[in-house]
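These protein sequences, in sequence, are chains A and B.
Sequential numbering from 2 applies to the first sequence in my numbering.
Sequential numbering from 1231 applies to the second sequence in my numbering.
Glycine is no exception: its CB is placed at the ideal position from the N, C-alpha and C atoms.
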Amino acid sequence: MANTINVPVERESGHLEPPESYFVPATDIYETDEGLTLVAELPGVKAGGLEVTVEENLLVMRGRPQSEAKPDGEVLLQEFASGEFYRAFQLPADYDASKIQATLKEGVLTLKLPKSERMRPRRIEVKSD
Amino acid sequence: MALIPWTGRTMPAATLTSLREEMNNLLGRFWSTASEPFGLAEWSPPLDVSETDDAVLVKVEIPGIDAKDLDISVAGDVLTIRGERKEEVHEKGRNFHRVERRYGAFTRTLTLPAVVDPDHVDAKARAGVLEIRLPKKEEAKARRVPIKAE
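Structure (structure tokens):
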């Protein structure tokens, strides 16, 4: 079978509804022999403000940055994205979504998915009589 | 840029000046966020700036940027933030499907609304956001002026 490129496809999910309005965090996606890695920038977001769910290979990340009770003083410039963020990716079947590992550190969310067993290259031993 | 109405007569000098000013503004914006010449300027992180009676607060989005790769300097009422987001290169043979994050060096210069005290600037990084507190110099602090009624 030819090696078709299986790339995570962005989509708005069906029953995991996106919020009315949201901003989209910048995300890098790359693949290694081990599996797939997604790295999203979530400045100001702490673990309590983030939710990552996977359902049938649909990966959804949503939440909001922690904000101060009231903004300090007079606002002169506002370039930060605010409010809720949301992003959904349909992951190709090559990856075992149930084994996803998520780490949030200093505003960077790293999601790692290993390749599912059947997709890993397996060396076949050739026995000779 | 608004169209300059044609009045059918010779264009008054004032209209020509405003055209030139508009072109200067347009070009000025290309250069304002980076000190590199046009073409090399790449990106700079978003800023939030607010002002209270005694300080100017500047926040910078810095996820993936190490404190050691940041340089903050203040001169009078000008704040310069320089830094670099380095690529994480621990994994070999990465095949990218999507690259949206911005990498590389940046310089952002900001004229502050008041003169600040560079010796008491406080900067701390939290969850990928750098918070810089620049206290105003005494004479720059807002002072309420009492109004005497005659």
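Neighbour flag for residue i against chain A, beta carbons, 8 Å
i: D1299/B; result: no
i: A1379/B; result: no
i: P1276/B; result: yes
i: E1314/B; result: no
i: P1365/B; result: no
i: I1334/B; result: The question names Ile, yet the displayed sequence has Gly at residue 1334/B. No, G1334/B lies away from the interface with chain A (no Cβ there is under 8 Å from its Cβ).
i: P1348/B; result: no
is_contact[residue i, chain B] using C-beta, thresh 8 Å
i: E80/A; result: yes
i: L60/A; result: no
i: E107/A; result: yes
i: G36/A; result: no
i: E85/A; result: no
i: E42/A; result: yes
i: L112/A; result: no
i: A27/A; result: yes
i: V76/A; result: yes
i: I30/A; result: yes
Listed by chain order, chain A residues near residue i by CB distance under 8 Å
i: K1289/B; result: F81
i: V1308/B; result: The premise fails here: V1308/B is roughly 15 Å from chain A at the closest Cβ pair, so nothing lies under 8 Å.
i: P1343/B; result: L77
Amino acids of chain B, ordered along the chain, whose beta-carbon sits closer than 8 Å to that of residue i
i: D73/A; result: S1280, T1282 and L1287
i: D95/A; result: Chain B residues near D95/A: none, gap ~12 Å exceeds 8 Å.
For residue i, the nearest candidate out of the options (CA to CA)
i: R1373/B; options: E1251/B, D1284/B, F1326/B and S1274/B; result: D1284/B
i: K113/A; options: E126/A, Y96/A and S129/A; result: Y96/A
i: Y31/A; options: F90/A, K47/A and L39/A; result: L39/A
i: A41/A; options: D34/A, P115/A, V25/A and E85/A; result: V25/A
i: V18/A; options: L110/A, K106/A and L60/A; result: What sits at residue 18/A in the sequence shown is Glu, not Val. Measuring from the Cα of E18/A, the nearest candidate turns out to be L60/A.
i: A63/A; options: V76/A, Y23/A and E75/A; result: Ala is not the amino acid found at residue 63/A; the sequence shown has Arg there. That would be Y23/A, whose Cα lies nearest to the Cα of R63/A.
i: R1315/B; options: K1322/B, N1254/B, V1288/B and I1292/B; result: I1292/B
i: L1364/B; options: G1294/B, F1336/B, E1281/B and G1313/B; result: E1281/B
i: D29/A; options: S129/A, T111/A and S68/A; result: T111/A
i: E52/A; options: S68/A, V76/A, E85/A and T33/A; result: E85/A
i: P44/A; options: A1357/B, E1361/B, K1378/B and D1352/B; result: A1357/B
i: R65/A; options: L77/A, K128/A, G50/A and V76/A; result: G50/A
Proximal chain B residues relative to residue i, where beta-carbon distance stays under 9 Å
i: I125/A; result: In chain order: nothing, as chain B lies at least about 23 Å away.
7 Å Cβ shell around residue i - same chain, five flanking residues per side excluded
i: K1367/B; result: V1345, V1346 and D1347
i: L1371/B; result: A quick correction: the sequence has Lys, not Leu, at residue 1371/B. D1283 and D1284.
Chain B residues whose Cβ lies nearer than 7 Å to that of residue i
i: G45/A; result: A1357, G1358 and V1359
Same chain, Cβ closer than 6 Å to residue i, neighbours up to 5 away in sequence not counted
i: A1355/B; result: A1297
i: Q102/A; result: K113
i: T54/A; result: V61
i: E1361/B; result: K1289 and K1354
Residue i Cβ short of 7 Å to the ligand ZN heavy atom set
i: N1325/B; result: Of ligands this structure carries none, so the ligand ZN is not represented either.
Close-in-space but distant-in-sequence residues of the same chain around residue i (CB under 8 Å, 5 per side omitted)
i: V1308/B; result: T1339, L1340, T1341 and L1342
Chain C residues whose Cβ lies nearer than 8 Å to that of residue i
i: E1330/B; result: In the displayed structure, chain C is absent; the protein chains listed are A and B.
Residue i: contacting residues in chain A (beta-carbon distance under 7 Å)
i: P1376/B; result: Those do not exist, as P1376/B stays about 22 Å from chain A at its closest Cβ, beyond 7 Å.
Check your understanding: Taking only runs of the beta strand (DSSP E) that begin and end inside the segment 59 to 129 of chain A, which ones reach a length of at least 3 residues, in chain order?
Key -> The beta strand (DSSP E) runs lying completely inside the segment 59 to 129 of chain A and spanning 3 residues or more are 59 to 64, 75 to 79, 86 to 91, 102 to 106 and 109 to 115, given in chain order.
Practice item. Give, in chain order, every unbroken run of the beta strand (DSSP E) that is at least 3 residues long and sits entirely within the segment 1327 to 1361 of chain B. Key: Runs found: 1334 to 1341 and 1352 to 1356.
Review point. What are the complete beta strand (DSSP E) segments, minimum 3 residues, inside the segment 11 to 60 of chain A?
Key: Runs found: 28 to 32, 36 to 42 and 51 to 56.
Practice item. Let me know the beta strand (DSSP E) ranges lying completely inside the segment 1296 to 1326 of chain B, each 3 residues or longer, listed in chain order. Key: For the segment 1296 to 1326 of chain B, whole beta strand (DSSP E) runs of length 3 or above, ordered along the chain, are 1300 to 1305 and 1308 to 1315.
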